[in-house]
Each structure stands twice: as C-alpha cells, then as structure tokens.
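Everything on this sheet refers to the single structure shown next.
Protein chains: 2
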Amino acid sequence: MADTTEAAERMALTLAQGGLQKATARVMAAFMFADTDSVTAAELGEQLRISSGSVSGAIKMLSTVGVIERVPAPGSRREHYRLRDGAWATLMSSQNGMVQAMFEAADKGIEAAGPDSPAARRLGEMRDFYGFMFRELPALIDRWRAERAPGRQP
Amino acid sequence: MADTTEAAERMALTLAQGGLQKATARVMAAFMFADTDSVTAAELGEQLRISSGSVSGAIKMLSTVGVIERVPAPGSRREHYRLRDGAWATLMSSQNGMVQAMFEAADKGIEAAGPDSPAARRLGEMRDFYGFMFRELPALIDRWRAERAPGRQP
DNA sequence: CAGAGTGTTCAGAGATTTCTGAAGACTCGA
DNA sequence: TCGAGTCTTCAGAAATCTCTGAACACTCTG
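Chains as they are written, first to last, in the working numbering: chain D, 1109 to 1262; chain W, 1109 to 1262.
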C-alpha cells in the first residue's frame, strides 16, 4: 500500500480548488482516508497539525452542509464524527443555491434593462439556462442515488 | 427601466461567489448588460473604474474559457469583444475539469489505501459518483443546447 | 520605417481570507 | 454543585489573493 497521507493531501488540494477552505478540505480528506469508522476532533487536529479552532470550524461547516454527522459515542467524552452516506451527492447538491442565485440575477437584470434592450436577449438566455439547470441538476443527482441503491424506499 | 448598474453589480457579486475574481466578474456582468453588441477594453475600464491591467487579465481569462471572443473591428484600432453564444453553458462546461480531478483523486486514493480498507469503500463511492457526473454532466449540457436550438446541425 | 495608439506584463501595494491560540462556555459524572 | 475534560468563539497574526500602474511590446497607418 502506497502513501495514503500524500493521496489525502492531494485530494484536499483538489477540494480546496473547488472552494472549500484549506483546513476544511484537509479534514474532509482525513474523513475519507480514516482507518476507523469515526474520528474525533482531537485526532484530526493532531494528525493534520491544525489548531483546535480550525478543526471546530471545519466540523461545523461540514456538519451544516450535511456531509458528516455526530456519532453517539458511549463511554467517551469526546465527540465522534463520521462521513454520512451519499456525502458527495450532498456536497454537490449544496451548490444548487448558486444556480438559483444566477437565475435570480438574470431575472432582476431583465427587469432592470427592459425587455427590448440588447441586454435582454443575453439575460433571457442566461435565465433559461440556469432555470434548466435548477430543474435538471437535482433530478440528475436523484438518478445517481437511485442507481446506487435500487429498490430502496425513502 | 430600473438601475442596470446595480443589477450588474449584484450579478458580479454572485459570479464572484462562484469563484471568479472580482474584476473578472464585473467585466462579465458588463458584457451581459452592455447596450451594444461589442465593447472595448477601454470602455470596460472606464465604466468599471478598474485598471487596464485588470481589464486585460479579465479579458484573457474569459477568452481562454471561451465565453467571449474578439470581434473584427474595421476602422477602429481598439479591439472589440463580445459574449459568445451559449456562454453560460460554456462556463459550466469549464468546470468539468474539477469533476475529473475528483474522480482521479478517488482513484489514486484507492490505490494508496488498498482494496480492503474501510477507506476503500468510501473512496469507491466517491469514484463512482464523480464517474457518473463526468459522464452525465456534459450530456445534460448538450441536452440544453439541443432544446434551445432544435434542428441545428453541428 | 517612424511613431502614435493599444495591449500586456509583473513587481509591489493593498485588500481579503484563513488560521491560531487562549479565554470562556458547555457537559457530564461523581 | 463542583471540576475535569472538551468544544466553541473571536481578536489579531499570518498567509494568500487581487489589483494597480508604469514599463515594455506590439500593431497598424501614413
């Protein structure tokens, strides 16, 4: 088995490119590569050499988005966390807000520019495009979920 | 007609959230709201109050991605640029590299962690997810293009 | 081919984001 | 209720990213 640390750091770099802050990206990668099912904040901080504050912030962000969750940890005072099933689909879903914002920006733009301006044609295309994506992206992600777990009831 | 400048600035803010740098986002919005079909670098700089260097950088980036293009400008020494058709679809397509990088990061991770580790199960799901998206996202964007311009030959 | 008008580059200033670490809040068992 | 252990917060330090503007390069025109 090759160097998992390097692979994790490489993945963190990619995640950071995608918009996560560096510490959060490294924490996310650490979750992916962990040998155990769940990990504690202290373990993450020690392993990645980042401050407790950074770990806390990363965990808060990842929890809010819904890619990790607290695990009941009987007999331990430290909180345990683990990746949730379908984390990557969740992460991508969380970017739908962006698509919606684009749609709304186009809409407001048309209002501001008036319907007969040259700008209106461009803004109309933009609105249509993001409207399409706003409808279709969630459907695509749902299709992935269905393919991965056929026959499950919600 | 309401204030187009404010609508443009608002759109630029959204674009910046999406990862474009601020000057580039403002230039992109200016293209969307322009009253004319094409604009010059000088016009952009003056209108947005940004330096020539920033305008140059923004134009370079937007050209590279393929959302704007140079327009032949007979009788003018200044370069003219305009939005290309399907700019937004192009912009979204340009993010496929991200998806591919995620897929590859997962793949390398499995190699590094070995097939029987707990990490391998998580990394396998990640690889499958981004593999799916890498196939399906371009198809989705193509469907948009087809819906928008039915019956065209490539 | 000279020169005016444009475009590009890049070092450094400036703005912004991110991280740290210590103070304080919280939690749970005794 | 107390106190040890853990977590969160946040002001300021550090790191990073972005913009500026002047120097340089390029490209037409006459």
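The C-beta atom is built at its ideal place from N, Cα and C for all residues, glycine as well.
Close Cβ partners of residue i (< 8 angstroms) along its chain, the five nearest in sequence each way excluded
i	result
residue 1117 of chain W	1134, 1137
residue 1115 of chain W	1141
residue 1125 of chain W	none
residue 1173 of chain D	1198, 1199, 1202
Spatial neighbours of residue i in its chain, beta-carbon cut-off 7 angstroms, leaving aside the 5 residues before and after
i	result
residue 1249 of chain D	1197, 1200, 1201
residue 1221 of chain W	1227, 1228, 1231
residue 1145 of chain W	1190
residue 1150 of chain W	1186
residue 1104 of chain D	Nothing in the structure corresponds to residue 1104 of chain D, since chain D is present only between 1109 and 1262.
residue 1148 of chain W	1186, 1187, 1188
Proximal residues of chain W, C-beta to C-beta of residue i below 8 angstroms
i	result
residue 1143 of chain D	1225, 1226, 1227
residue 1115 of chain D	1213, 1216, 1217, 1219, 1220, 1221
residue 1112 of chain D	1217, 1220, 1221, 1227
Contact set between residue i and chain D, taken where Cβ atoms lie within less than 9 angstroms
i	result
residue 1240 of chain W	1248, 1251, 1252, 1255, 1256
residue 1133 of chain W	Within 9 angstroms Cβ-Cβ: nothing; residue 1133 of chain W doesn't reach chain D, min ~11 angstroms.
residue 1244 of chain W	1248, 1251, 1252
residue 1136 of chain W	Neighbours of residue 1136 of chain W on chain D: none; closest Cβ ~11 angstroms, over 9 angstroms.
Cutoff 6 angstroms; reference residue i; Cβ partners in own chain excluding five residues on either side
i	result
residue 1166 of chain W	1131, 1132, 1135
residue 1120 of chain W	1133, 1134, 1137
residue 1215 of chain D	1235
Cβ-heavy atom distance, residue i to the ligand NAD, below 7 angstroms
i	result
residue 1173 of chain W	For the structure depicted, the ligand NAD is absent and the ligand set is empty, with no information on it obtainable.
Chain-ordered chain D contacts of residue i [CB-CB under 8 angstroms]
i	result
residue 1127 of chain W	1127
residue 1209 of chain W	1122, 1125
residue 1206 of chain W	1122, 1125, 1126
Under 7 angstroms by beta carbon: chain D residues contacting residue i
i	result
residue 1119 of chain W	1213, 1217
Per-residue contacts from residue i into chain W (C-beta, under 7 angstroms)
i	result
residue 1231 of chain D	1140
Within chain W, partners of residue i - CB distance below 9 angstroms
i	result
residue 1169 of chain D	Residues of chain W passing the Cβ test: none, with the nearest at roughly 16 angstroms.
If we require 4 or more residues per run, which alpha helix (DSSP H) segments fall completely within the segment 1121 to 1208 of chain D?
1130 to 1141, 1149 to 1156, 1160 to 1173, 1195 to 1201
Give, in chain order, every residue of the segment 1172 to 1199 of chain D whose Cβ lies closer than 7 angstroms to some Cβ of chain W.
1191, 1196, 1197
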